[in-house]
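The opening position of the sequence shown corresponds to residue 138 in my numbering, with each subsequent residue numbered one higher. Right, one structure below, let's go through it.
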Amino acid sequence: MKYKVEFKRSAANGFKKLPKLEKKRIGEKIDSLSEDLPDTKSTKMKGENPFHRIRSGDYRIIYEIDEDAKMIVILKIGHRKDVYKRLYMTKP
């Protein structure tokens, strides 16, 4: 079943700032994520949060799955060295 993808503002801003090649790679990952069952390509993050992540080179896509609405909410996109810090500093 196909999932609808929604970007939070912080994720959209992070995506805009990426190098051109990374934008293409991450865009392809997000497209394939909406087509397939999201859990098969991701890693559930540790802790009490409901977030998942996907690797794309040195970049990470952090998202949440809403099974009831069949929606994937992209929370953050950024370099692995700081995407997690920024994720926990702000609430989604």
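The beta-carbon is built from N, C-alpha and C at its ideal position, and this holds for glycine as well.
ask   = Roughly how many whole angstroms lie between the Cα atoms of phenylalanine 144 and glycine 164?
value = Separation of phenylalanine 144 and glycine 164 (C-alpha to C-alpha, rounded to the nearest whole angstrom) is 12 Å.
request  = Output the distance between the C-alpha atoms of tyrosine 196 and lysine 139, rounded to the nearest integer angstrom.
outcome  = Whole-angstrom Cα-Cα distance: 24 Å.
ask   = Taking the runs of the beta strand (DSSP E) that are 3 residues or longer, which of them lie wholly in the segment 163–204?
value = Listed in chain order, the complete beta strand (DSSP E) runs (minimum 3 residues) inside the segment 163–204 are 188–193, 196–203.
task = Using the Cα positions of glutamate 159 and valine 142, report the straight-line distance between them to the nearest angstrom.
result = Roughly 19 Å separates the two Cα atoms.
task = Return the residue from the list Asp205, Ile209, Glu204, Lys154 that minimises the CA-CA distance to arginine 190.
result = The residue with the shortest Cα to Cα distance from arginine 190 is Ile209.
task = Can you say whether alanine 149 is buried or exposed, counting buried as having 16 or more other CB atoms within 10 angstroms of its CB?
result = Looking at its Cβ environment, which holds fewer than 16 other Cβ atoms inside 10 Å, alanine 149 is exposed.
task = Hey, could you find the ends of the alpha helix (DSSP H) lysine 153 is sitting in?
result = Unbroken alpha helix (DSSP H) run through lysine 153: 146–153.
inquiry  = Is the separation between the beta-carbon of isoleucine 214 and that of isoleucine 202 shorter than 8 Å?
reply    = Contact flag unset, no.
inquiry  = By the DSSP assignment, the beta strand (DSSP E) with lysine 213 in it spans what residues?
reply    = Membership of lysine 213 in the beta strand (DSSP E) is indicated by the continuous run 208–216.
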